[in-house]
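Have a look at the structure below, then the notes.
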Amino acid sequence: MGYQDVYAGWRADPDRFWMQAAEAIDWQKKPSRALFDDKAPIYEWFADGMVNTCWNAVDRHVAAGRGDQVAIVHESPITLSTRGITYRQLQDRVASLAGALRMRGVEKGDRVIIYMPMIPEALEAMLACARLGAIHSVVFGGFAAHELAIRIDDFQPKAIIAASCGLEPNRVIHYKPLLDSAIEMASHQPEFCVIFQREQEVAKLVEGRDFNWHGFQYGVKPAECVPVEGNHPAYILYTSGTTGQPKGVVRHTAGHLVALQWSMSNIYNIGAGDRFWAASDVGWVVGHSYICYGPLVAGATTVVFEGKPVGTPHAGVFWRIIQNHRIKSFFTAPTALRAIRREDPDGEWIRRYKLHDLQALFLAGERADPDTVKWAQQHLGVPVVDHWWQTETGWAIAANPIGIETLPTKPGSPSVPMPGYDVQVLDESGHPVPPGTLGAITIKLPLPPGALPTLWNAESRFRHSYLDHFPGYYETGDAGYVDEDGYLYIMARTDDVINVAGHRLSTGAMEEVLAAHPDVAECAVIGVADALKGQAPLGFLCLKAGATTPHEQVVKDVVRMVRDQIGPVAAFKSACVVERLPKTRSGKILRATMAKIADGEDFKTPATIDDPAVLDEIGAALALLGYPNRDKP
């Protein structure tokens with residue numbers, strides 16, 4: 001069957017579709033049906049089934065005779081090390097850690113925070129919690145103490161598992177002092193902490209509270225897998241909220257397993273024995289879905305990468321790893337690809353490596369501009385699949401499902417909705433808009449398996465944030481349109497659609513034009529206050545390495561290009577060249593923060609920012625243009 005047949009099959013009988021998908025999972029007790037809607041609009045999937053995530057990710061592959069297959073490859077160009085862990089070794093290590101946690105009183109339903117860098121032990125900690133039915137929450141390693149304290153108080157963990165440090169190309173990040181400060185700030189106190197000591201820094205342990213990772217497990221009886229109900233939370237992942245208080249996205253166990261198994265096969269074309277790499281971090285949703293759980297549930301080999309796309313040591317590190325480990329499907333963020341393109345605009349590093357096994361490159365996290373997609377397609381010679389999803393959904397809303405059928409790609413589009421997602425583009429009144437018309441992108445309820453059923457201890461906030469604006473729909477917060485072929489285009493966050501003299505304009509459309517300039521490696525467009533027009537667009541340009549065109553000429557060029565391709569209505573008259581853009585650690589450009597700086601508004605430095613110093617650089621560039629804007633409407 002092709003994509004249209006599969007999607008139509010889901011539409012015709014969603015319950016039957018997802019019950020068939022559930023057959024790919026091992027159950028202790030199979031569910032009686034797929035959807036439980038008695039508490040709508042709070043929906044649950046496979047709620048009365050009994051299942052264990054760790055069994056499906058680890059033990060069943062050993063039982064199937066594939067214990068000697070490599071499950072996890074750790075690649076660290078920072079420590080210049082590579083190591084592999086087989087499924088049998090992973091089973092032993094996870095069962096041992098789970099046994100030690102159980103001995104200290106961690107049981108089904110207890111909570112555990114994990115605060116670790118990109119090392120296999122982070123995945124082992126996640127799986128050990130899943131083995132016991134404990135609920136984990138991974139907090140990005142190196143997160144500020146204050147932000148970690150907020151999560152400790154909200155999640156109230158019985159235990160915290162952390163590493164002594166994380167590693168950046170030129171520095172050691174001291175995790176343990178941050179953890180100690182966070183615990184001191186928090187009202188809730190964990191009963192104990194487990195610390196994995198890295199050789200780059202041995203942390204001081206607090207007597208009676210902290211345990212060394214290895215000593216903690218010595219002589220302990222390994223733990224077996226504990227079956228849990230289908231609607232038992234597997235984990236909570238905090239995502240930034242508009243109020244400053246993070247939102248705890250809940251992920252139910254059974255729906256998570258079924259959705260990830262389906263996506264690995266049908267979207268990524270990955271099965272048992274294949275090699276898959278998602279170059280993200282376990283602190284983000286991509287790390288949960290496609291570094292840890294998805295590949296392992298599918299019985300594939302997954303790569304844990306501790307490094308950067310450039311500078312560890314060069315712009316060819318991704319291609320070296322793909323060659324050496326014969327990666328079949330690779331997943332990264334557009335911002336990483338843009339960083340590589342900026343350093344290597346002619347793809348010279350790509351040509352140094354043999355990428356014979358690579359079948360596709362997948363992009364998500366930031367909108368993939370068409371120019372970057374075309375660059376990757378040209379130099380890699382494989383489909384470049386921009387797909388779109390969110391922390392809340394846990395897997396792709398829209399994608400090119402190459403495991404079913406490789407559809408024609410359209411640069412700028414993440415292709416088509418996946419089964420389970422009835423995507424609708426609505427106007428502000430909640431009415432569908434015609435094809436090609438910009439509007440709010442929503443998903444008709446219920447959301448599919450794997451998507452959030454609610455927020456942790458905050459159902460009213462869940463309803464207010466996602467459901468109230470468009471009753472009967474989930475509000476994604478993204479703006480875009482659907483074309484005549486049913487392809488979806490994500491143009492901006494809803495907040496980034498700017499209103500210029502009454503015209504609603506997409507900053508993403510302008511960024512497409514700017515990115516097409518031969519000297520531009522990366523760009524961003526924001527809306528700034530304007531006394532006459534309400535808002536006016538302002539562009540930021542990062543140039544490619546070796547670009548020699550004077551900055552003033554590049555700015556003149558892009559202003560003319562926007563006028564020619566979008567029209568005078570865009571009123572695009574101003575841009576500046578900057579060395580870098582402010583981003584979160586997951587690669588999202590902080591456009592809203594940039595706009596507040598331009599408008600002279602108070603702002604809070606986002607906790608997820610990669611380098612706060614970039615905001616000072618943006619402020620300096622804006623000052624040269626006469627901002628902050630004192631002449632507001």
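If you number the sequence shown the way the UniProt record's numbering does, the last residue is 633 and the count never jumps.
Glycine included, every Cβ here is placed at the ideal spot set by N, Cα and C.
Using the DSSP secondary-structure output, state which residues sit across from leucine 543 in a beta bridge.
-> Working through the sequence shown from its first residue, we reach residue 543 at position 543. Looking at the DSSP output, leucine 543 bridges to Val520.
Outcome for phenylalanine 196 when other beta-carbon atoms lying within 10 angstroms are tallied against a minimum of 16 | To locate residue 196, count along the sequence shown from 1; it is residue 196. Using a 10 angstroms sphere on the CB of phenylalanine 196, the tally of other CB atoms reaches 16 or more, which defines it as buried.
Glutamate 475, enclosing beta strand (DSSP E) - first and last residue
As a first step, residue 475 must be located in the sequence shown, where it is residue number 475. Note, glutamate 475: beta strand (DSSP E), 473 to 482.
*asked:* Let's see if you can read the secondary structure: which residues bound the alpha helix (DSSP H) around threonine 335?
replied: Residue mapping note: residue 335 aligns to position 335 of the sequence shown, counting from 1. For threonine 335, the enclosing alpha helix (DSSP H) starts and ends at 334 to 343.
| message | Going by the DSSP bridge assignment, what does proline 233 pair with across the sheet? | response | Translated into positions along the sequence shown, residue 233 becomes position 233. Its beta-bridge partners are His252.
Which listed residue (Val614, Thr608, His356 and Thr409) has its alpha carbon closest to that of proline 582: Locating residue 582 in the sequence shown gives position 582, where the first residue counts as 1. For the residues Val614, Thr608, His356 and Thr409, the minimum Cα distance to proline 582 belongs to Val614.
* Just how far apart, CA to CA, sit aspartate 281 and proline 120? -> Position 281 of the sequence shown, counting from 1, holds the residue named residue 281. Position 120 of the sequence shown, counting from 1, holds the residue named residue 120. Answer to the nearest angstrom: the Cα atoms are 12 Å apart.
query = Would you say arginine 338 and threonine 372 are within 7 Å of each other, going by their C-beta atoms?
reply = In the sequence shown, residue 338 corresponds to position 338, counting from 1. In the sequence shown, residue 372 corresponds to position 372, counting from 1. The answer is yes: Cβ separation under 7 Å.
| task | Pick out the complete alpha helix (DSSP H) segments inside the region 267 to 343, 4 residues or longer, and give them in chain order. | result | Runs of alpha helix (DSSP H) with 4 or more residues, each lying fully within the region 267 to 343, are found at 294 to 297, 317 to 324 and 334 to 343, listed in chain order.
At the level of alpha carbons, what is the spacing between isoleucine 42 and glutamine 390? Position 42 of the sequence shown holds residue 42. Position 390 of the sequence shown holds residue 390. Taking the straight line joining both Cα atoms gives about 18 Å.
Tell me the DSSP secondary structure of phenylalanine 192 in three-state form.
In the sequence shown, residue 192 corresponds to position 192, counting from 1. Of the three classes helix, strand and coil, the one that applies to phenylalanine 192 here is strand, per DSSP.
ask   = Does DSSP put lysine 632 in a helix, a strand or coil?
value = Position 632 of the sequence shown holds residue 632. Any reading at lysine 632 must be qualified, since the residue scores a pLDDT of 48, below 50, and its modelled position is unreliable; the value itself is stated next. Note: lysine 632 maps to coil in three-state DSSP.
Cβ-based neighbour list, isoleucine 160, same chain, cut-off 6 Å, excluding 5 preceding and 5 following:
Counting from one through the sequence shown, the residue named residue 160 turns up at place 160. Cβ neighbours of isoleucine 160 beyond the five flanking positions: Ile113, Pro190 and Cys193.
* Asked: Going by Cα to Cα distance, which pick from Val577, Leu358 and Thr608 is closest to leucine 624?
  -> Position 624 of the sequence shown, counted from the first residue, corresponds to residue 624. Nearest C-alpha to leucine 624 among Val577, Leu358 and Thr608: Val577.
- Query: Can you pull the DSSP bridge partners for lysine 247?
  - Reply: Along the sequence shown, one-based indexing puts residue 247 at 247. Answer by DSSP bridge pairing, in chain order: Thr239.
Using the Cβ count rule (16 or more neighbours within 10 Å means buried), how would you classify proline 633? Counting from 1 along the sequence shown, the entry for residue 633 is found at position 633. With a pLDDT of 42 at proline 633, under the threshold of 50, the predicted position of this residue should be treated as unreliable, and no value is reported.
Regarding proline 14 and the ligand FMN, is the C-beta to nearest heavy atom distance less than 6 Å?
-> This structure simply doesn't include the ligand FMN, nor any ligand for that matter.
| Near alanine 458, which residues of its chain fall below 8 Å by C-beta distance, leaving aside the five closest residues on each side in sequence? | On the sequence shown, position 458 is the one that residue 458 refers to. Short of 8 Å from the beta carbon of alanine 458, and not among the five residues preceding or following it, lie these beta carbons of its own chain, in chain order: Lys247 and Gly248.
Worksheet item: So valine 51 packs on isoleucine 25, CB below 8 Å; how close in whole Å?
Response: Working through the sequence shown from its first residue, we reach residue 51 at position 51. Working through the sequence shown from its first residue, we reach residue 25 at position 25. Right, the Cβ-Cβ distance comes to about 7 Å (below 8 Å), so this counts as a contact.
Subject >> Segment contact flag, the region 404 to 416 with the region 249 to 256, C-beta cutoff 8 Å, min 3 pairs >> reply: Short answer: they don't touch.
Just tell me which of Ala595, Thr393 and Ala98 has its CA closest to the CA of isoleucine 236.
Start at 1 with the first residue of the sequence shown, and residue 236 comes out as number 236. For the residues Ala595, Thr393 and Ala98, the minimum Cα distance to isoleucine 236 belongs to Thr393.
| Measuring CA to CA, which of Arg275, Trp277, Phe276 and Cys292 is closest to valine 283? | Against the sequence shown, residue 283 aligns to sequence position 283. Rather than valine, the amino acid found at residue 283 in this sequence is glycine. Taking only the C-alpha atoms, the option nearest glycine 283 is Cys292.
query = So who's on the other strand from methionine 50, going by DSSP bridges?
reply = Within the sequence shown, residue 50 is the residue found at index 50, counting from 1. Bridge partners of methionine 50: Lys29 and Glu229.
So, under 8 Å CB-CB, glycine 539 and valine 525 are touching, yes? Tell me the CB distance rounded to an integer number of Å.
Position 539 of the sequence shown, counted from the start, is the residue given in the question as residue 539. Position 525 of the sequence shown, counted from the start, is the residue given in the question as residue 525. 5 Å between Cβ atoms; contact.
Quiz item: So, using beta-carbon positions, are alanine 298 and isoleucine 321 closer together than 7 Å?
Solution: To locate residue 298, count along the sequence shown from 1; it is residue 298. To locate residue 321, count along the sequence shown from 1; it is residue 321. Going by beta carbons, alanine 298 and isoleucine 321 fall outside the 7 Å limit.
Check your understanding: DSSP three-state call for histidine 146: helix, strand or coil?
Key -> What you label residue 146 is simply residue 146 of the sequence shown in a count that begins at 1. Here DSSP, grouped into helix, strand and coil, assigns histidine 146 to helix.
Identity of the residue in Trp277, Asp210, Ala234 and Pro295 nearest methionine 264 by Cα = As a position in the sequence shown, residue 264 is number 264, starting the count at 1. Pro295 is the residue among Trp277, Asp210, Ala234 and Pro295 whose C-alpha sits nearest the C-alpha of methionine 264.
Rounded C-alpha distance that separates tryptophan 395 from alanine 336: Numbered from its first residue, the sequence shown carries residue 395 at position 395. Numbered from its first residue, the sequence shown carries residue 336 at position 336. Distance between the alpha carbons of tryptophan 395 and alanine 336: 20 Å.
Quiz prompt | Residues that tryptophan 45 bridges to, as DSSP identifies them | solution = Here the question's residue 45 lines up with position 45 in the sequence shown. Tryptophan 45 has Leu35 as its beta-bridge partners, per DSSP.
What is the DSSP secondary structure of leucine 615, reduced to helix, strand or coil? Translated into positions along the sequence shown, residue 615 becomes position 615. In the structure shown, leucine 615 sits in a helix (DSSP, three-state: H, G or I).
Using DSSP with H/G/I as helix, E/B as strand and the rest coil, what is glutamine 156?
Stepping through the sequence shown from its first residue, residue 156 is reached at position 156. Here glutamine 156 sits in coil by DSSP.
Given arginine 630, which residues of its chain have a CB within under 6 Å of its CB, disregarding the five upstream and five downstream residues?
On the sequence shown, position 630 is the one that residue 630 refers to. Only weak support is given to the placement of arginine 630: the predicted model assigns it a pLDDT of 49, under 50, and the value that follows is read from those uncertain coordinates. If we look at arginine 630 and ignore the five residues flanking it on each side, it has no Cβ neighbours.
I want to see whether chain C comes within less than 7 Å of threonine 442, judged by CB atoms only; does it?
Going by chain labels, chain C is absent from the structure shown, which holds only one protein chain.
Next item on the list: Within the same chain, show all residues whose beta-carbon is closer than 6 Å to that of aspartate 153, passing over the 5 residues directly before and after it, in chain order.
Entry: As a working note, residue 153 is residue 153 in the sequence shown. Result list for aspartate 153: Ala186, Ser187 and His188, in chain order.
Considering only residues of the same chain and omitting the five flanking positions on each side of isoleucine 150, which have a CB-CB separation below 7 Å? Taking the first residue of the sequence shown as 1, we reach residue 150 at position 150. Excluding sequence neighbours, isoleucine 150 sits near Pro246.
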